[in-house]
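Accompanying notes for the structure given below.
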Amino acid sequence: MTDSSKNRNNSGLSQIRTVCMSLGAAMGTGNITGVAAAVAIGGAGAVFWMWISAFFGMAVVYAENYLSVLYSDKKSRGPMAYLEKGVGSKHLACAFAVMCVLASLGMGGMVQVNSFSESLGSLMPDHLLAAIMFLLIYAVISGGAKRIGTAAQTLLPPASAVYAVICFLVLIRNRSNIPGAFSSIFTEALGFRQTIGGICGYGLSKAISVGIRRGIFSNEAGLGSSPILHSAAESDSPYTQGMWSMFEVFFDTVLCCTLTALTLLTSEKNTVTSAFSTVAGDSSAYIIAALMAVFAFCTIIGWYYCGESAYIYIFPDSPGKLFPLFFSLISAMGAVISADAVWAVSDIFNGMMAFPNLIGILLLNKKIKKE
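Counting from 9, one number per residue, gives the positions in the sequence shown under my numbering.
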């Protein structure tokens with residue numbers, strides 16, 4: 009292990025808080041609506057191609073997190089660290105940091121609030137929601153990494169548990185359809201329509217949770233957000249953080265997304281709200297809205313940490329409270345502004361963010377093998 013990894017400046021978060029923060033940033037609302045889009049586009053066979061996407065994604069996310077821990081120190085973390093010190097390119101590191109800040113404001117903040125606003129419909133005025141989101145976001149992110157980690161650890165596990173329990177209730181109710189659902193997944197997997205649907209649908213799932221949609225990326229791996237979040241962990245082991253990041257991709261896609269897909273397939277419904285209504289009745293809409301609020305909020309605060317780390321790398325002498333205020337304000341604006349333009353611009357930022365990161369991984373792949 010390099011000296012820089014021994015002396016790196018992490019935030020002292022426990023491993024469970026780090027995992028919750030990273031999972032929260034990755035999951036978002038995509039596990040609810042993105043999977044439904046995948047099944048709608050490609051049928052049951054699309055689920056199989058989500059698994060394939062996750063398989064390759066785990067290899068990439070292991071590599072970027074391994075390198076992050078290896079090179080992170082007091083001044084830089086995540087891709088900024090291994091691009092500057094491993095690759096030896098300050099320009100690539102700065103390019104990544106700029107795109108990361110912009111992506112955190114757009115896809116990580118504004119779009120998430122907008123998605124939640126649309127899920128509420130007419131239940132709450134947009135301006136009131138914007139004010140509430142501003143206060144909630146700032147209250148958490150102004151406390152730094154430990155408060156963000158605590159919030160993610162507090163919110164994500166129970167929300168995930170509630171979601172899983174209701175999904176299992178739907179599966180129990182429709183248990184006779186489970187064998188047929190799995191059969192359809194595998195028998196339809198090699199169809200052309202199902203292949204396209206799985207790739208694009210998985211991209212849609214990650215679009216809503218981390219800002220990747222329309223099939224541009226198949227998962228968060230390679231984007232560079234995960235290694236920034238894992239740099240906050242207490243552990244100095246590159247192997248440990250790499251393995252945890254692989255688990256997150258597995259949990260997010262192979263477990264959670266598959267659970268959603270089976271819920272839809274066995275209930276023969278097009279949306280999770282409709283599937284939940286078979287066991288929760290009219291309250292299913294409120295349950296989904298509450299779950300989307302939690303998942304979206306966890307995505308926002310997780311992406312804030314990524315954006316803040318990149319912002320500090322670019323402007324190390326900037327006042328500490330400036331970026332939290334700016335991020336909270338821009339994110340809250342998502343409730344009152346159409347997200348169409350933000351989606352289009354943020355897709356570009358995400359692609360430009362991944363480009364230098366993937367270059368770094370390719371150039372440093374021998375370092376991973378040697379370690």
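Ideal Cβ positions, reconstructed from N, Cα and C, are used throughout, including at glycine.
Express the C-alpha separation of residue j and residue i in angstroms, rounding to a whole number.
{"i": "residue 174", "j": "residue 100", "result": "45 Å"}
{"i": "residue 74", "j": "residue 332", "result": "28 Å"}
{"i": "residue 90", "j": "residue 289", "result": "51 Å"}
{"i": "residue 150", "j": "residue 109", "result": "17 Å"}
{"i": "residue 135", "j": "residue 329", "result": "24 Å"}
{"i": "residue 63", "j": "residue 34", "result": "16 Å"}
{"i": "residue 179", "j": "residue 171", "result": "12 Å"}
{"i": "residue 298", "j": "residue 304", "result": "10 Å"}
What does a CB cutoff of less than 6 Å around residue i pick up in its chain, not counting 5 residues either side in sequence?
{"i": "residue 302", "result": "163 and 167"}
{"i": "residue 196", "result": "51, 52, 53 and 202"}
{"i": "residue 22", "result": "none"}
{"i": "residue 182", "result": "274 and 275"}
{"i": "residue 376", "result": "71 and 74"}
{"i": "residue 28", "result": "160, 161 and 164"}
Taking all protein chains shown into account, decide if residue i is buried (16 or more other Cβ within 10 angstroms of its Cβ) or exposed.
{"i": "residue 309", "result": "buried"}
{"i": "residue 132", "result": "exposed"}
{"i": "residue 81", "result": "buried"}
{"i": "residue 283", "result": "buried"}
{"i": "residue 316", "result": "buried"}
{"i": "residue 325", "result": "exposed"}
{"i": "residue 217", "result": "Any reading at residue 217 must be qualified, since the residue scores a pLDDT of 36, below 50, and its modelled position is unreliable; no value is offered."}
{"i": "residue 372", "result": "buried"}
{"i": "residue 126", "result": "exposed"}
{"i": "residue 147", "result": "exposed"}
{"i": "residue 140", "result": "exposed"}
{"i": "residue 237", "result": "buried"}
{"i": "residue 30", "result": "buried"}
With a CB to CB cut of under 7 Å and the five nearest residues on each side skipped, what residues in its chain are close to residue i?
{"i": "residue 48", "result": "278"}
{"i": "residue 360", "result": "107"}
{"i": "residue 111", "result": "219, 354, 357, 358 and 361"}
{"i": "residue 293", "result": "281"}
{"i": "residue 158", "result": "25"}
So residue i packs on residue j, CB below 8 Å; how close in whole Å?
{"i": "residue 66", "j": "residue 254", "result": "4 Å"}
{"i": "residue 77", "j": "residue 285", "result": "Incorrect: roughly 45 Å between the Cβ atoms, too far for contact."}
{"i": "residue 85", "j": "residue 239", "result": "4 Å"}
{"i": "residue 177", "j": "residue 287", "result": "5 Å"}
Spatial neighbours of residue i within its chain, please: CB distance less than 8 Å, with the 5 preceding and 5 following residues excluded, ordered by chain position.
{"i": "residue 380", "result": "Because the chain here runs from 9 to 379, residue 380 falls outside it and cannot be looked at."}
Entirely enclosed alpha helix (DSSP H) segments - the region 57-127, minimum 4 residues: Those alpha helix (DSSP H) runs which fall completely within the region 57-127 and span 4+ residues are 98-113.
Counting only runs of 4+ residues fully inside the region 257-288, write out the alpha helix (DSSP H) ranges in chain order. 266-275 and 280-288
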